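These notes are about the structure you will find just below.
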Amino acid sequence: MLEDFRDHDPNPTVHERAWMETNPYPAAMRVVVMAMVAMMIGRAVTREPSPETPSPVSAAARTTG
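So that you can map any letter, position 9 of the sequence shown is 9 in this note's numbering, and since no number is skipped, the others follow by simple counting.
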């Protein structure tokens, strides 16, 4: 299947050689870091207090006075 794609040429082209020489670890690390940042943002947004449950601080402030 790859031979048909490459026209039976055993020598890789410049483009193929560049892909073979790339180091996948930095790219994988960037993906992992971006996923972690996205998860942290998602958790921060979902942990926002809802308006139905008032803060204990605001309840204490209303009762004193």
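Note that the Cβ used here is the ideal one computed from N, Cα and C, for glycine as well. All values reported here derive from a predicted model rather than from experimental measurement.
query                                                                                   : result
Give me the Cα-Cα distance between P26 and V14, rounded to the nearest whole angstrom.  : 21 angstroms
Does any heavy atom of the ligand GDP sit closer than 6 angstroms to the C-beta of A38? : Looking for the ligand GDP in the displayed structure turns up nothing, as the structure carries no ligands at all.
Please classify E16: does DSSP put it in a helix, a strand, or coil?                    : helix
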